[in-house]
Structure formats: C-alpha cells, structure tokens
Amino acid sequence: MMQGISSLTQLAISFLSVIQLLAITPTYADAKQIITIAYLSQELKIPPPLSNLDVFIKDKGVPGAQLAIDDNNTTGQFTGQQFVLKKFIVPLDGNVADTFNKAIGEQYAYVVVNLPAELTQTIADLPAAKTKLLFDAATVDDALRNENCRNNVLHLLPSRAMRADALAQYMMKKRWNKWFLVIGANEEDRLFAEALRRAAKRFGMKIVEEKTWEHTYDARRTAQSDVAVFTQVDDYDVLVVADEQGQFGEYLEYRTWNARPVIGTQGLTATAWHPTHEQWGAVQIQNRFKEQAGRWMEEQDYGAYLAIRAIGEAATRTQSNDINTLKNYLFSEAFALQGYKGTPLSFRSWDGQLRQPLLLAAPRSLVAVAPIDGFLHPKTELDTLGFDQPESTCKWSK
Amino acid sequence: MMKKNILALLLTTALSGGAQAETVFVTLEKDNALAVVDPIAAQLIKTVDIGSRPRGIAISPDHKFLYVAVSDENTIKIIDAETLKEVGKLPSGDDPETFALNPAGDRLYVSNEDDSLVTVIDINNKKAIKQIKVGVEPEGIAVSPDNQWVVSASETTNMVHWIDTKTNAIVDNTLVDPRPRALGFTADSQQLWVTSEMAGTLMIIDVKTRQIIKTVKFDVQGVTADKIQPVGVVIDKERKRGYVALGPANRVAVINAETFAVEKYLLVGQRVWNLAFSPDQKRLYTTNGTSNDISLIDLDSQTVTKSMGVGTYPWGVAVKP
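So the protein sequences, as listed, match chains A and B.
When the letters of the first sequence are read in order and numbered with the working numbering, they come out as residues 7 to 404.
When the letters of the second sequence are read in order and numbered with the working numbering, they come out as residues -7 to 313.
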C-alpha cells in the first residue's frame, strides 16, 4: 500500500499521528474497560483420510475467534474497550473439565466452547460454569437445544433440525416430494436422520424408502457396483443422505440406479458458512479470513467469530462488561448481530439458538438461501427453521 | 467513429430541445467500462474501457475531470471529462470502492475496506498524505458541504467516524444501526443522513451534537424485510426531500426532509445502488445493478419516466452539466 508516500510525508504523518493522539485523548479519558473471553477446545484425533482432497484442519475455530477479537478491538478503540482472548486447547489425552475448573475458573465470564456435544454438556453442568455464559461454537445437537438445554449456553451454529428444515424447504419448492433416505452407521447419522424425518413431516414430504449403508467405505470397491445395487428401490424423487463424517456419501452421486439428485450431508448441503458465499458483504470477511488464516473459513470458525462478535456487539452497545447486563442485551429485541447473511441475527429466547439463514450449497455453487421465499412465519421467517417456541422442549430453569 | 459520435451527440442535444442536455457517466463494474449517457434522449452515447472493476465515481467541481475507483487495479483514475482519456492516477490504497471529494476539489477521501483505513489524497500533488484508522470495513464516506467534516461509516463496527478535515483525526464516533452503507449531508451541513443496509433504516444525525435525532424504518408492501437494503442517499438543496435507494427492494424511497415521513416508494430497476441529481435537481438518476440499466426519476412529478440499458452491473453515477 502507500507506495506513493515519500519519507518526508511519512515523517509528517507520524507527526500528525501525535497530534491525533493528543486530540483523541480527552474524548476517552477514562481507563479502558477490559472484556476477557476464554476459548476452550481440545486437540482432535486425525481421522483416517477419506480423500486426498480434504486436508485435515486441526485448528478449526481458532482463526475465527482471532478475527472476531481483532474486529472487536478495532471497534473498541473508539468505545474505550479492550477485548482479550485467552485460548485453552486441551491435549488429546488431557481432561477438559479439569482445565475448565483450574484455568478458566473464576477469571472468565465468557467462554467460547468448541467441543463435541457430550463434552459441551459436561462443561455446562460444572458448578464453575453456572455463573458464566458459554458460547457453543461447534455442536449441531438438537438435544442440547431441547431436553438437555442449559440457561448458561448459547448455540451459534444451526442445529440438525434447522439444517433438515432448510433442505426440506428447498425440496418442497422443487417438488421433490418423495425421498429415499440413506443413513450411515454412526450415532450422528441416526440423529440427522431423525431431524430429516421430522422435517419431512413438517413440510408434508414423504420418505418412500429408508436404508442404512452397510457396505464398505472403500471407493474402489464401493463406488460402481455397491451403490447401483443399493439404490435399486421403488421410485423416488431425491436421495437424501445422512453421513456426517463423509464416509460414503460422496460415492452416491452419479452412481445411483436411477438418475436422481443427492442432497443432505453430501451433494446439496445446508450449512452456516461456505466458500461460495459472497453476498451481503460476505466476500469481505472471506478475504479477511483467508488473508489471516491461509485457508477458507470453516463452520466452527464462523461459529467462534459470531460468538465473539456477539459479545463485542453487546459490550459496545451497553458500554459494559458485566455478565448480566450483556446477557440481558443479547436476549433483548435490540440485539442485532451482523453475520454477513443479509438479515440481522439474534438469539431465540426459548433455547439460546442463534436464528440465522442457512446456505444451501453444492461444492462449488451456492444454490439457495433458506428460509426459502414463501415460507412464512408470524414473527420472523427465520423461525421456520428448527424448533420454534411451541415445539421446544427446553426448560430454561435447568 | 469519434466524429460520428460527436455529431450524434450534437444532434441529440439539438433535438432534445428545452431540457438541459447533461451527460450522465456510469461505471460498469463487470464490463470494466464507463457508460456515457444522454439521459434526455435516453441514449447510450458510448462505452469506454476504463480498467478492472470500476465502482465509485465523482466529477470535479469545475466538471473537467472524472475520478473513477478502479478497484482491481488499486487506483483511482483521473479521466478528462471531455476526451474521456486517462490523464493521471491517484494512490488510493488497496481495493478502492467509495470515496468523496471535498468542496474545493483538492482532497479526495477513500475507504479502504479490507484494511480498515481512510486514505486522504492531495489531488494536485497526486499524493496520499494520510491514512486514518477507522472501524472494520469502512464503506460510505462523505464530506460536509462546509468542509468541516469527513464522515466514514464502518460496516462491521456499526459506527460513523467524524474526522476533522483540518487535522485529519477522528474526534467523535456515533454508533448506528448494523451495516451502515452510505452517507449524505444536507446542503446546510446541519444533518447527516446514514443508511443501514441490514436494519433497513435511515438515520438522521444532527451534526452539532452528532446524535441520532430520527430513525426511519422502510416498509414496502409486498417486499420482505430482508430485501429492503438501503444504500445510496441524497438530499435536495432546499432540504425538502431526500431519496434513498433500497437495493434488492428495487425501489427508491422518497422522504419528506421536514417530517421524515416516507412519502412514496418509486419502482426502478433491480438492485438499485447509487443516486445522483441532475445539475438543476429536476431529475434523479439511479444505477440498477442487476437489471443493467439506469432509471430517470422526474422530480416534479415524482415519477420514473425512463430507463436506459447501459451495460453489466452499473455501479456509480456522476452527472456533468
């Protein structure tokens, strides 16, 4: 940048900067207000590679948190606030609860948690967590937002139910009414299948066939023969797949017995963030993120980014770092988080879920944004996705 | 070819009779070109190559030069408004998009969105004389007609920053609705109008106190709230009416500048972005990003009277008398 500036001008600029500092000081005479945020995660086991195309990313979430802290502090320089992020990455063989109790303990009111569902639950139930506000930047678990919900946890990423509803809305619009549901062997796949069944029911879609994938996960053996045989079922409009770890879902497309589109965890997917997303200023954060992290932004990065930006937005607007003040603001009508999705994001008062549009994306093309036009709701169309207030089984008192 | 065009221009000027024959310049973001339009004859006179991804455009107070932000070339080009030849370049910093000229026409203030900076350029010496740190993703920028203030809006910080033109330093900040996009001063420099893309609002800020005195919420029948994304804003010299482009709502809102009531929504082209008055302020021109045209609004009758195809992704607009 600034190639055009001579050293003399630069000298003049540094002189001007001194004047600028002097000019600004009286405006922010008070000492800086500090807002400290902890980030808690655990190292991941490197999974067996399914494809040479997918490089294992071990720090999903961290650069997102870092970018948000930087953004908060850019704003903080004008509001007299300073945001401090302290990262706690527990080793593979470490104990997350111990780290929480010992290291995070009394010092941090706000904790961004990037952990699997079960561990998130464990942390939320620790006595030390009761006086804190936890920001779940990773889970998609519906139970954590319903029967297992906790009033000290906010969820940034869309739940499985929100994803399934987004896909169902699109399939309804396309009149792909008859689904062939293919489910993987893992517990997560069973949960997503449950969300898909719920969505089918909500939007009047029909699951005409349901099968669990029991073949191998080896592309050389599986792809041509097994898929063709596996997909010889009664007629359907679309194959809906639940394979969260991506163990076989990629092999389905182009290999089904009948020519049918694939949707779900592979093919057309529902996600909070995607590299193809450029609308509503998204291209700017994509660029800023890539420049800093050297890779594309993943969902957990977006989750962590939103968590820390939510804290920043609440602290800036209330000029406070007090947990009760911020919590009240986060749940108030006034709270409007800018998440590069064209509409303000906010938290659902009944389960702490961030309401947000979902991106329906193919690997290299953004196909649609849900809620799909025409799906109406008395309060906000965003609440056509996931568990709406009357359906929620969350009891905040727990 | 050139002569023929000039002849055509003279001819249409003669034919268009009573109305002032102004020329409208439109940057075409995806054609890498500048469209030159005779709006009275509703005719695209010509399209000239301008460089990679042109967006912001302004005309010098003496109407001799056009300034065009050529985003992908990281510069602002100076174009002779008659010959349309490039006569110089300004060091704008990275990825210039929006910028503002001061009333004297010797300073240009550029938003550098990815770097959270405003670059101050001395036009005569073609030098960047200062970079000012502002909030995250600065976009809208305006200079008050009395030349006291440069105001920069940062989209992710949700603030407008008040920069004193004498010191080039920020002296105050006003928190506004999310994703503030564009700014417009009233001719008397007493009010700053700010649009919020995400909240779908227009905020009127009193310049003396730098406090919001009124928030106008746009609500167009039959258009969902997420499509109402206010962008460009201009206010007429008499401060009777202001106009706000509503982006993908495909409308321009007409606001009574005394009562701040929305009087009307005028249907223009798709994804209307930026606005410019004719020199006599009898007409308003709009760039319609995705329908690839510009609309002419007749301000006496408050109706859209013409639309003209100009090229792909019309972005900025400037008018020469």
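All C-beta atoms in this analysis are idealised placements derived from N, C-alpha and C, irrespective of residue type, glycine included.
A quick note: this is a predicted structure, and the numbers were derived from the prediction, not measured.
Rounded straight-line distance, which links the Cα of residue j to that of residue i
i: Gly80 (chain B); j: Gly281 (chain B); result: 28 angstroms
i: Gln113 (chain A); j: Asp99 (chain A); result: 24 angstroms
i: Val102 (chain A); j: Lys347 (chain A); result: 33 angstroms
i: Val296 (chain B); j: Arg275 (chain B); result: 10 angstroms
i: Gln273 (chain B); j: Leu267 (chain B); result: 12 angstroms
i: Ser84 (chain B); j: Val60 (chain B); result: 11 angstroms
i: Lys300 (chain B); j: Asp114 (chain B); result: Just to set this straight, residue 300 (chain B) is Met in the shown sequence, not Lys. If I take the Cα positions, the gap works out to 36 angstroms.
i: Val246 (chain B); j: Ile289 (chain B); result: 11 angstroms
i: Leu163 (chain A); j: Arg361 (chain A); result: 9 angstroms
i: Glu305 (chain A); j: Pro97 (chain A); result: 22 angstroms
i: Val143 (chain B); j: Glu129 (chain B); result: 14 angstroms
i: Asp30 (chain B); j: Glu14 (chain B); result: 7 angstroms
i: Lys46 (chain A); j: Lys93 (chain A); result: Correcting the residue type first, residue 46 (chain A) is Leu in the shown sequence and not Lys. Spanning the two alpha carbons is a distance of roughly 6 angstroms.
i: Leu274 (chain A); j: Pro271 (chain B); result: 51 angstroms
i: His280 (chain A); j: Ala33 (chain B); result: 46 angstroms
i: Ala374 (chain A); j: Tyr176 (chain A); result: 8 angstroms
i: Glu194 (chain A); j: Arg266 (chain A); result: 25 angstroms
Buried versus exposed call for residue i [16 or more other C-beta atoms within 10 Å across all chains shown]
i: Lys69 (chain B); result: buried
i: Leu2 (chain B); result: Note that Leu2 (chain B) scores 46 on pLDDT, short of 50, meaning its location in the model is unreliable; the coordinates nonetheless yield the value given after this. Flag for Leu2 (chain B) reads exposed.
i: Lys108 (chain A); result: exposed
i: Ala96 (chain B); result: exposed
i: Leu382 (chain A); result: exposed
i: Val235 (chain A); result: exposed
i: Thr80 (chain A); result: buried
i: Asn165 (chain B); result: buried
i: Gly380 (chain A); result: exposed
i: Trp263 (chain A); result: exposed
i: Arg354 (chain A); result: buried
i: Arg45 (chain B); result: buried
i: Ser231 (chain A); result: exposed
Below-8 angstroms beta-carbon distance, residue i vs any chain A residue
i: Val128 (chain B); result: yes
i: Asn266 (chain B); result: no
i: Glu89 (chain B); result: no
i: Thr251 (chain B); result: no
i: Leu167 (chain B); result: yes
i: Arg202 (chain B); result: no
i: Gly308 (chain B); result: no
i: Thr304 (chain B); result: no
Same chain only: Cβ atoms within 6 angstroms of residue i, ignoring 5 sequence neighbours per side
i: Asn78 (chain A); result: Phe89 and Gly318
i: Gln395 (chain A); result: Trp356
i: Asn94 (chain B); result: Val135 and Asn139
i: Ala288 (chain A); result: Tyr346
i: Cys155 (chain A); result: Asp357 and Cys400
i: Ala120 (chain B); result: Pro83, Thr111 and Ile113
Test: residue i CB closer than 8 angstroms to a CB of chain B
i: Asn293 (chain A); result: yes
i: Ala342 (chain A); result: yes
i: Gln362 (chain A); result: no
i: Gln290 (chain A); result: yes
i: Pro350 (chain A); result: yes
i: Phe353 (chain A); result: no
i: Ile30 (chain A); result: Any reading at Ile30 (chain A) must be qualified, since the residue scores a pLDDT of 40, below 50, and its modelled position is unreliable; no value is offered.
i: Thr145 (chain A); result: no
i: Gly86 (chain A); result: no
i: Thr80 (chain A); result: yes
i: Asp171 (chain A); result: no
i: Thr322 (chain A); result: yes
i: Asp389 (chain A); result: no
i: Asp307 (chain A); result: no
i: Ala35 (chain A); result: With a pLDDT of 42 at Ala35 (chain A), under the threshold of 50, the modelled position of that residue is not reliable, and the figure given next carries that caveat. Cβ-Cβ to chain B under 8 angstroms: no for Ala35 (chain A).
i: Gly287 (chain A); result: yes
i: Asp142 (chain A); result: no
Own chain partners of residue i with C-beta closer than 7 angstroms, once the 5 adjacent residues on each side are dropped
i: Ala172 (chain A); result: Ala276, Leu364, Leu366, Ala376 and Leu391
i: Asp389 (chain A); result: Arg361 and His383
i: Lys401 (chain A); result: none
i: Tyr335 (chain A); result: Ala320, Arg323, Thr324 and Phe341
Contacting residues, own chain, Cβ-Cβ under 8 angstroms from residue i (five flanking each side not counted)
i: Arg171 (chain B); result: Glu147, Thr148, Asn150, Ser188, Glu189, Met190 and Ala191
Residue(s) in a DSSP beta bridge with residue i
i: Ser371 (chain A); result: A:Ala368
i: Gln108 (chain A); result: The sequence given here places Lys at residue 108 (chain A); Gln does not occur at that position. Per DSSP, none; premise fails for Lys108 (chain A).
i: Gln183 (chain B); result: B:Asp198
i: Val68 (chain A); result: DSSP output for Val68 (chain A) lists no bridge partner at all.
i: Met151 (chain B); result: B:Ser146 and B:Leu167
i: Leu351 (chain A); result: A:Leu343
>> Using a Cβ-Cβ cutoff of 8 angstroms, what residues of the segment 218 to 234 of chain B are near chain D? List them in chain order.
In response: This model lacks chain D altogether; the protein chains it does include are A and B.
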